[in-house]
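FYI, the working numbering numbers position 476 of the sequence shown as 729, with every residue one higher than the one before it. This report refers to the structure that appears directly beneath it.
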Amino acid sequence: MTAVDSVDTTAVVRPHIGSAHALRRPLPWPLAVAAALAAGVALLGAFPPYGLWWLAPVGVALLAVATHRRAPVAGAGLGLLTGLAFFLPLLSWTNLHTGNLPWILLACAESIFIALLGAASAWVTPVVDRARWAWPVITGLLWVAQEALRSRLPFGGFPWGRLAFSHGDAPTLRLAAIGGAPLVTFVVALTGGLLALAAWRWRRPGRALVPLLGAALVSTVGLLVPLGADSTATATVAIVQGNVPRLGLDFNAQRRAVLDNHVRATVALAQRVAAGAVPRPQLVVWPENSSDIDPLLNADAAARISQAADAIGVPILVGAVLKGPQDNQVRNAGLLWYPHTGPDTAQLYVKRHPVPFAEYVPMRSLARRVTTLVDRVRSDFVPGDHPGVLRVGSLTAGDVICFEVAYDALVRDTVTGGAQLLVVQTNNATFNEAEALQQLAMVRLRAVEHGREALMASTVGVSAFVTADGRVVDATEFNTAAVVVREMRLRERRTLATQLGNWPEMVLVSLAGAIVGLPVLSRRQRVTEDGAADAEAR
Numbered sequence: 254m255t256a257v258d259s260v261d262t263t264a265v266v267r268p269h270i271g272s273a274h275a276l277r278r279p280l281p282w283p284l285a286v287a288a289a290l291a292a293g294v295a296l297l298g299a300f301p302p303y304g305l306w307w308l309a310p311v312g313v314a315l316l317a318v319a320t321h322r323r324a325p326v327a328g329a330g331l332g333l334l335t336g337l338a339f340f341l342p343l344l345s346w347t348n349l350h351t352g353n354l355p356w357i358l359l360a361c362a363e364s365i366f367i368a369l370l371g372a373a374s375a376w377v378t379p380v381v382d383r384a385r386w387a388w389p390v391i392t393g394l395l396w397v398a399q400e401a402l403r404s405r406l407p408f409g410g411f412p413w414g415r416l417a418f419s420h421g422d423a424p425t426l427r428l429a430a431i432g433g434a435p436l437v438t439f440v441v442a443l444t445g446g447l448l449a450l451a452a453w454r455w456r457r458p459g460r461a462l463v464p465l466l467g468a469a470l471v472s473t474v475g476l477l478v479p480l481g482a483d484s485t486a487t488a489t490v491a492i493v494q495g496n497v498p499r500l501g502l503d504f505n506a507q508r509r510a511v512l513d514n515h516v517r518a519t520v521a522l523a524q525r526v527a528a529g530a531v532p533r534p535q536l537v538v539w540p541e542n543s544s545d546i547d548p549l550l551n552a553d554a555a556a557r558i559s560q561a562a563d564a565i566g567v568p569i570l571v572g573a574v575l576k577g578p579q580d581n582q583v584r585n586a587g588l589l590w591y592p593h594t595g596p597d598t599a600q601l602y603v604k605r606h607p608v609p610f611a612e613y614v615p616m617r618s619l620a621r622r623v624t625t626l627v628d629r630v631r632s633d634f635v636p637g638d639h640p641g642v643l644r645v646g647s648l649t650a651g652d653v654i655c656f657e658v659a660y661d662a663l664v665r666d667t668v669t670g671g672a673q674l675l676v677v678q679t680n681n682a683t684f685n686e687a688e689a690l691q692q693l694a695m696v697r698l699r700a701v702e703h704g705r706e707a708l709m710a711s712t713v714g715v716s717a718f719v720t721a722d723g724r725v726v727d728a729t730e731f732n733t734a735a736v737v738v739r740e741m742r743l744r745e746r747r748t749l750a751t752q753l754g755n756w757p758e759m760v761l762v763s764l765a766g767a768i769v770g771l772p773v774l775s776r777r778q779r780v781t782e783d784g785a786a787d788a789e790a791r
């Protein structure tokens, strides 16, 4: 084939590259690196304790612009920068009492998924070049796919930092009632994609205005989502935040003091009830680790909890660490404790998703070669095998423990099992207020997603009630002792998100996979056309 033939063939096969329809060249490398780092900072600012939710789509847009028209390897590098700028400060609470190594390893592991996102964003550039309007949609799909992977891999995943968890104060939160966290993430990233498209058209203000208006419209479309009428059924529930003598990993060494704090606070609540200062609750919720002494085996711990239950005269949901079922194994449990009769072991929820390398150590011998910190986990927590559906008279609560609130299926299982309200038992004594606020943001999304009022009970704070439309009420201060009592509405009706389950995520991830596959088909078609042109030239 002659040189003239080669040039002519290229012009036929790739007209879009030099055409008026092509987007501009990639950002110069210094600007691309700056945009990637700024993307991570913007994403960080969207999450508590900062709570500037509108920065999330800005971060998405910056990464999309930085990776556009890059090679996938370059896109991965830029995505990694964004991930590190985001996750290192977001997860800094993990190094408060364990040192820097676990923090850095976790942040790097999470950043790898943003690197994959950056590579995928660069890879699909040919698709975007052919249809500019698809860029925002593709951006949304890729973010959902990234979060789906990160929520499952490795060792069950770690969904912290999902875009949906940054929008507690945004109109977008209401979309959770339709498609859960995946739909909220998709819309947030779609908004970011529209901002990216506007940025590429900045030299033509008239053309940039359309995607900007689209971003404004998409970011407020959640206001159109009705959240349903209030139920007439109610239940009065109390949260007891007993606090700990001091923050840190050694709260375990203070376990008797922690238990005593919660007993005293409950007895004091009973005195206020007797005086008519507050209504008698139907259920009292103690947080995770409120009794790290197994009350099923330790008679003294059982006596103390019974003292509190008998005083208040209603069941207490105790966050307990229980031995077994085998030697060197323990269970992180929510245990209902009744006045006069004691524990109801038939109403026992065991945490189904223990935290790897914190509550159990996978590949312990290999992990020990990296750090001896794993030896602090002397006994592995074993997972439970059923959802936390706990029935207290006419009240049915859906219980999840600590980080479990981040996992879609674990929360949904309690609602499909009959939960009328959601309970999150947690222990933030080894972290800080930023971590507690980030976790509370997840509770807000779950309340809207399933149309259930919710509460988070913490040893040290932040404890709070959350209404079914995501509003936080009666929040406690961090690192203080507090008791709050509130009448909660009980709901039976299931939202569309509850009914659909993981179908919205599956559809969005499937579409993302199809988009990623399009450049492969395009390249195969180009090879075929090149071969046909060569044959014709000969």
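Idealized CB from N, CA, C, for every residue including glycine.
May I ask you to list the residues that DSSP assigns as paired with Trp590?
Ile569 and Pro596
Would you kindly report the start and end of the unbroken alpha helix (DSSP H) that includes Gly433?
Ala429 to Trp453
Once you ignore the five residues that flank Ala273 on each side, which residues in its own chain have a CB closer than 6 Å to its CB?
Any reading at Ala273 needs caution, since the residue's pLDDT is 37, under 50, leaving its predicted position unreliable; the model's value is listed next. Cβ within range, chain order: n/a, list empty.
Would Val773 be called buried (16 or more neighbouring beta carbons within 10 Å of its own) or exposed?
exposed
Going by C-alpha to C-alpha distance, which of Glu706, Val726, Thr720 and Asp661 sits closest to Met759?
Asp661
Are the CB atoms of Ala707 and Leu674 within a distance shorter than 8 Å?
yes
Quick check: Leu801 and Val311, are their CB atoms within less than 8 Å of each other?
Residue 801 is absent from the model: the chain starts at 254 and stops at 791.
Residue from Leu395, Pro389, Phe411 and Leu369 with nearest C-alpha to Ala360:
Phe411
Which value, in whole angstroms, describes the spacing of the CA atoms of Gly371 and Ala287?
15 Å
Using a threshold of 8 Å, state whether the C-beta atoms of Asp638 and Val676 are closer than that.
no
Let me make sure I understand the geometry here. Which of Ala528, Leu480 and Leu588 has the alpha-carbon closest to that of Asp722?
Leu480
Helix, strand or coil for Val377, going by three-state DSSP, please let me know.
coil
Reducing DSSP to helix, strand and coil, say where Thr679 ends up.
strand
What does DSSP give as the partner residues of Asn755 in its beta bridges?
Per DSSP, none; premise fails for Asn755.
Give the single residue among Ala562, Arg517, Ser618 and Leu601 whose Cα lies nearest to the Cα of His593.
Ala562
Assuming Thr444 contacts Gly475 under a Cβ cut-off of 8 Å, what Cβ separation, rounded to an integer in Å, is found between them?
Not a contact, Cβ separation roughly 11 Å.
Beta-carbon spacing of Val571, Ile558 below 8 Å:
yes
Cut-off 6 Å between Cβ atoms - residues of its own chain near Trp388, not counting five sequence neighbours on either side
Val381, Gly446 and Leu450
Let me know the alpha helix (DSSP H) ranges lying completely inside the region 686 to 752, each 4 residues or longer, listed in chain order.
686 to 703
Given a cut-off of 8 Å, decide if Leu522 and Leu648 are closer than it, judged by their beta-carbon atoms.
no
With a floor of 4 residues, list each alpha helix (DSSP H) that falls wholly inside the region 332 to 411, ordered by position along the chain.
353 to 376, 378 to 383 and 387 to 403
Out of curiosity, what's the CA-to-CA distance linking Arg509 and Leu693?
27 Å
Who are the Cβ neighbours of Val377 in its own chain at under 8 Å, not counting the five residues just before and after it?
Ile391, Leu395, Ile768, Val769, Leu771 and Pro772
Just to check my reading of the structure: Leu512 and Ser544 have Cβ atoms closer than 8 Å, yes? What is that Cβ distance to the nearest angstrom?
5 Å
Inter-residue spacing [alpha-carbon to alpha-carbon] between Leu290 and Thr320
12 Å
Short of 6 Å in beta carbon distance, which residues of its chain neighbour Cys655, apart from the five on each side in sequence? Order them along the chain.
Glu541 and Thr679
Let's see if you can read the secondary structure: which residues bound the alpha helix (DSSP H) around Gly459?
Pro458 to Thr473
Using DSSP's beta-bridge definition, name the partner residues of Pro540.
In the DSSP output, where bridge partners are listed per residue, Pro540 has none listed.
Val769 (DSSP reduced to helix, strand or coil):
helix
Residue of Ala469, Ala324 and Val614 minimising C-alpha distance to Gln582
Val614
Straight-line CA distance for Arg222 to Val440?
This structure does not reach residue 222, given that the chain is present from 254 up to 791, and the question cannot be answered.
Residue range of the alpha helix (DSSP H) that includes Gln535:
Run containing Gln535: none; DSSP gives neither H nor E here.
Within its chain, find whatever has a CB closer than 7 Å to the CB of Leu575; leave out the 5 residues flanking it on each side and keep chain order.
Asp547, Leu549, Val583, Arg584 and Ala586
Starting from the C-beta of Leu315, find all residues in its chain whose C-beta is less than 6 Å away, skip the five residues before and the five after it, and write them out in chain order.
Ala288, Ala291 and Ala292
To the nearest angstrom, how far is it from the Cα of Arg621 to the Cα of Val627?
6 Å
Residues near Leu354 by beta carbon distance below 6 Å, same chain, minus five either side:
Thr624
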